[in-house]
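Each remark here refers to the structure printed beneath this line.
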Amino acid sequence: MTPLLTVDRLVMRFGGITAIDGLSLQVPRGAITAVIGPNGAGKTTLFNCLTGFYRPSAGRILLHEDDGSERDLTRLKGHRIAREARIVRTFQNIRLFGGMTVLENLLVAQHHALAQASRFALAGLLHTPGYRRAEREALEFARRWLAELGLTAVADTPAGALPYGTQRRVEIARALCARPRLLCLDEPAAGLNPRESAELNVLLTALRDEHGLTLLFIEHDMSVVMNVSDHVVVMNFGRKIAEGPPEAMRRDPEVIRAYLGEEDEEAADA
Amino acid sequence: MTAAVISASSPLALRLRDALAVTVLGGLLALPFIGLVTVEEGGALTVRTRWGAWGATLAALFFGRLLLRAALDAWRSRRPARKRAVFSSGDAVLRRAAGTSLLAAALLLPVFFADNRYVIDTATTLGIYVMLGWGLNVVVGLAGLLDLGYVAFYAVGAYTYALLSTQFGWSFWEALPAAGALAALFGILLGYPVLRLRGDYLAIVTLGFGEIIRIVLLNWTSFSGGPNGIGGIPRPSFFGLAFARSAEGRTFHEFFGLEFSPMHRFIFLYYLIVVLALLTHALISRLRVLPTGRAWEALREDEIACKALGLNTTTVKLSAFATGAMLAGFAGVFFAARQGFISPESFTFSESATILAIVVLGGMGSQLGVVLAAAVLVVLPELGRQFADYRMLVFGAAMVTIMAVKPTGLLARREPTVRLNPERSAAP
Ligand SMILES: Nc1ncnc2c1ncn2[C@@H]1O[C@H](COP(=O)(O)OP(=O)(O)OP(=O)(O)O)[C@@H](O)[C@H]1O
Ligand SMILES: [Mg+2]
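Now the structure itself:
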């Protein structure tokens with residue numbers, strides 16, 4: 001099967017720093033891919049390139065459409081990646097609309113459809129049946145994801161007032177409301193307690209199995225990586241150092257070296 | 271659940287509480303209007319109290335509100351039940367009550383002060399500032415874009431009407447949409463270069479823009495009359511009826527068979543700004559719950575997250591600038607029509623600062639807060655006139671006090687634009 005996304009010799013430089021250095025990888029369709037690597041490896045930078053926040057210095061990011069055509073995302077303007085390529089992300093440091101309620105957050109994610117129905121706010125101001133229907137559908141869609149992620153009870157609470165673990169879930173729910181084809185999660189398990197972390201495992205597998213989503217996620221928590229991912233990409237210093245199924249990565253000497261440093265190699269082998 | 275809890279949220283208890291809230295607020299507002307009168311005693315004006323009339327007003331407010339509420343509820347319950355809570359929370363009850371009594375006071379004001387030009391004039395000024403505050407609130411309070419040059423759009427509106435009417439004979443109502451559209455265009459023109467700026471940088475550039483407009487108006491004498499301004503701007507008419515003792519067509523007092531009084535025009539102007547302000551209010555309240563308004567607020571909360579969700583932040587920003595500017599343009603037209611004369615002096619930075627102060631003081635994004643803050647900022651200096659030289663001192667002290675006691679503004683609580691569980695939030 002063709003992959004959903006191909007990253008081809010991607011380079012991202014910031015002045016003298018080369019955060020991504022000729023990275024190539026593929027994101028298989030309908031599977032969960034984990035990106036791991038030590039701090040500063042360039043994982044978040046990769047996400048920023050994928051979602052149009054950075055314009056790569058070189059290389060291509062190709063999205064393979066269902067009809068076999070492909071599209072270079074590096075040419076697409078930032079907000080159009082979420083809208084047209086349907087790649088939606090979450091952030092390492094949560095970025096919610098804190099003063100707005102959870103439900104409102106989820107409606108903003110459906111802005112494009114609603115804004116079209118409101119026709120430059122005119123149909124909205126006149127409260128036409130067409131706009132009302134779009135609004136009802138958006139609410140219904142949000143309600144479904146709220147229920148799925150166990151957020152119904154906090155739907156009317158300002159997002160910023162929620163506990164950390166819940167905020168992470170809200171951010172995922174919000175991304176899902178943007179109807180992604182590829183969902184990119186930047187350290188979704190960071191700051192979660194073991195129970196929340198286990199719930200996240202269940203959620204990620206459900207998104208793949210029941211909703212047919214392709215997932216790409218960055219994670220330091222190895223229990224999550226080992227439990228849910230189908231494919232693991234290991235990065236260090238902006239390069240891919242290994243790639244494969246999770247069990248194989250656990251034993252890969254390159255990976256162990258990257259994580260533990262050169263001196264500890266013997267200790268790791270022991 | 272205990273009986274007490276049930277009774278506390280029963281319709282009767284809620285209605286009583288609602289009526290009480292209206293009475294308290296209405297009473298406060300009625301105190302200066304009805305409770306106090308000025309009478310002439312030996313050539314000097316003195317203030318007399320009228321407790322009887324005030325008490326009667328309170329009773330009328332209380333029972334009137336109770337009846338109105340009951341009638342409204344009965345009417346609502348006959349219509350197919352919509353999923354909408356009548357009383358969403360105690361806070362909302364209070365807000366609605368405050369809004370209703372403010373509206374009633376605004377509409378009734380000329381009834382009580384029909385021959386007091388000073389009060390009507392001050393109230394009209396207040397109306398202009400409320401409208402400007404609401405307009406700027408879109409940009410600053412909702413979209414979170416700090417704009418220090420808002421007065422520029424007010425000037426664009428005022429000069430558009432002044433020029434169109436004196437040069438081309440356009441009427442007030444013809445010029446109103448044109449001026450709004452032109453101001454909106456200027457809003458977009460300003461918006462483009464500042465798209466990438468935020469916070470302090472944005473504030474400085476918008477400040478500069480405001481000054482540019484003023485300096486152009488000051489120096490382009492052949493176009494704007496320079497420092498001499500533009501005079502002889504026609505006053506708005508009442509559907510073609512002029513407010514004059516005698517005029518070419520029919521006059522207002524002739525048509526209605528009234529004795530001519532110069533107060534007619536002032537009262538008409540007052541009602542005109544009330545109507546314009548109410549339209550502004552309706553527009554913003556509606557926009558706020560539409561995708562446009564939610565996008566503005568999302569932009570204020572987190573621009574990067576907006577982009578990640580596919581929002582075109584350029585459009586969102588420009589629409590906020592354009593909407594705010596358009597409303598300032600409308601206010602400008604009214605200002606020019608009311609003054610009959612405008613000059614760049616009316617559009618200095620201090621005007622922008624006052625409007626911004628109204629928004630910040632009122633509580634960013636709160637429409638009721640803007641009214642209260644505008645009242646404080648417009649009426650306080652008027653009351654302070656006796657103190658003459660100390661006026662600005664008192665004014666400044668009052669502002670500092672308010673910001674120290676309530677740094678988030680008078681009314682900072684945000685009402686969600688949509689609720690999933692209206693019934694639940696009614697519970698205490
Ligand atoms: N906007 C930027 N400007 C300059 N340098 C940057 C920028 N963004 C990232 N970098 C640099 O690129 C390198 C990779 O950073 P990145 O955030 O991608 O790491 P990461 O793999 O996500 O690390 P972590 O696990 O700590 O989140 C770092 O050295 C970082 O300092
Ligand atoms: Mg990172």
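Chains H and G supply the protein sequences, listed in that same order. Residue numbering for the first sequence follows the working numbering, starting at 1 and increasing by one per position. Residue numbering for the second sequence follows the working numbering, starting at 271 and increasing by one per position. We put the CB at the ideal spot given by N, CA and C, even for glycine.
DSSP beta-bridge partners of residue i
| i | result |
| --- | --- |
| residue 43 (chain H) | Answer is none; residue 43 (chain H) lacks a bridge partner. |
| residue 184 (chain H) | H:89 and H:216 |
| residue 508 (chain G) | G:511 |
| residue 241 (chain H) | According to DSSP, residue 241 (chain H) bridges with nothing at all. |
| residue 306 (chain G) | G:319 |
| residue 158 (chain H) | H:101 |
| residue 398 (chain G) | DSSP, once it has assigned bridges, lists no residue as partnering residue 398 (chain G). |
| residue 521 (chain G) | G:512 |
| residue 612 (chain G) | G:500 |
Inter-residue spacing [alpha-carbon to alpha-carbon] between residue i and residue j
| i | j | result |
| --- | --- | --- |
| residue 474 (chain G) | residue 163 (chain H) | 37 Å |
| residue 18 (chain H) | residue 461 (chain G) | 35 Å |
| residue 637 (chain G) | residue 543 (chain G) | 16 Å |
| residue 123 (chain H) | residue 404 (chain G) | 23 Å |
| residue 191 (chain H) | residue 73 (chain H) | 31 Å |
| residue 580 (chain G) | residue 105 (chain H) | 13 Å |
| residue 338 (chain G) | residue 296 (chain G) | 15 Å |
| residue 147 (chain H) | residue 103 (chain H) | 12 Å |
| residue 463 (chain G) | residue 471 (chain G) | 12 Å |
| residue 244 (chain H) | residue 233 (chain H) | 7 Å |
| residue 41 (chain H) | residue 145 (chain H) | 33 Å |
| residue 495 (chain G) | residue 487 (chain G) | 8 Å |
| residue 10 (chain H) | residue 92 (chain H) | 21 Å |
| residue 138 (chain H) | residue 76 (chain H) | 26 Å |
| residue 414 (chain G) | residue 557 (chain G) | 16 Å |
Extent of the continuous beta strand (DSSP E) to which residue i belongs
| i | result |
| --- | --- |
| residue 592 (chain G) | That residue, residue 592 (chain G), is in no beta strand (DSSP E); its alpha helix (DSSP H) goes 583 to 609. |
| residue 5 (chain H) | 5 to 14 |
| residue 72 (chain H) | 70 to 72 |
| residue 26 (chain H) | 17 to 27 |
| residue 63 (chain H) | 58 to 64 |
| residue 34 (chain H) | 32 to 36 |
Where the alpha helix (DSSP H) containing residue i begins and where it ends
| i | result |
| --- | --- |
| residue 297 (chain G) | 281 to 300 |
| residue 470 (chain G) | 469 to 489 |
| residue 555 (chain G) | 533 to 558 |
| residue 127 (chain H) | Residue 127 (chain H) -> no alpha helix (DSSP H), and no H or E assigned at all. |
| residue 105 (chain H) | 102 to 108 |
| residue 111 (chain H) | 111 to 118 |
| residue 172 (chain H) | 164 to 177 |
| residue 232 (chain H) | Not the alpha helix (DSSP H): residue 232 (chain H) falls in the beta strand (DSSP E), residues 231 to 236. |
| residue 2 (chain H) | Unbroken run through residue 2 (chain H): none, as it is neither H nor E. |
| residue 54 (chain H) | From DSSP, residue 54 (chain H) is part of no alpha helix (DSSP H); its letter is neither H nor E. |
| residue 562 (chain G) | 561 to 571 |
Beta-carbon separation (whole angstroms), residue i vs residue j, contact threshold 8 Å
| i | j | result |
| --- | --- | --- |
| residue 422 (chain G) | residue 456 (chain G) | 7 Å |
| residue 594 (chain G) | residue 633 (chain G) | Going by Cβ atoms, the distance from residue 594 (chain G) to residue 633 (chain G) rounds to 17 Å, so no, they are not a contact pair. |
| residue 603 (chain G) | residue 445 (chain G) | 6 Å |
| residue 185 (chain H) | residue 90 (chain H) | 5 Å |
| residue 321 (chain G) | residue 334 (chain G) | The Cβ separation is near 20 Å, so there is no contact. |
| residue 392 (chain G) | residue 685 (chain G) | With a Cβ gap of about 30 Å, residue 392 (chain G) and residue 685 (chain G) do not count as contacting. |
| residue 160 (chain H) | residue 99 (chain H) | 6 Å |
| residue 587 (chain G) | residue 560 (chain G) | The pair is not a contact, with the Cβ atoms about 16 Å apart (cut-off 8 Å). |
Residue closest to residue i, alpha-carbon to alpha-carbon, out of the options
| i | options | result |
| --- | --- | --- |
| residue 476 (chain G) | G:591, G:391 and G:576 | G:591 |
| residue 142 (chain H) | H:56, H:156, H:47 and H:247 | H:156 |
| residue 447 (chain G) | G:282, G:683, G:684 and G:597 | G:597 |
| residue 226 (chain H) | H:32, H:127 and H:148 | H:32 |
| residue 63 (chain H) | H:36, H:100, H:2 and H:253 | H:2 |
| residue 539 (chain G) | G:608, G:549, G:511 and G:522 | G:608 |
| residue 6 (chain H) | H:182, H:254, H:173 and H:42 | H:182 |
| residue 38 (chain H) | H:10, H:218 and H:246 | H:218 |
| residue 672 (chain G) | G:642, G:687 and G:440 | G:642 |
| residue 151 (chain H) | H:138, H:174, H:249 and H:88 | H:174 |
| residue 169 (chain H) | H:96, H:131, H:36 and H:16 | H:96 |
| residue 425 (chain G) | G:648, G:293, G:601 and G:646 | G:601 |
| residue 549 (chain G) | G:291, G:390, G:518 and G:398 | G:398 |
| residue 575 (chain G) | H:27, H:11 and H:52 | H:52 |
| residue 381 (chain G) | G:507, G:537 and G:577 | G:537 |
| residue 611 (chain G) | G:498, G:378 and G:565 | G:498 |
| residue 554 (chain G) | G:443, G:415, G:401 and G:454 | G:401 |
Problem - Contact shell at 7 Å, judged by CB to any heavy atom of ligand 4, ordered along the chain - result: Because ligand 4 does not appear in the structure shown, any question about it cannot be addressed here, the ligands present being ligand 1 and ligand 2.
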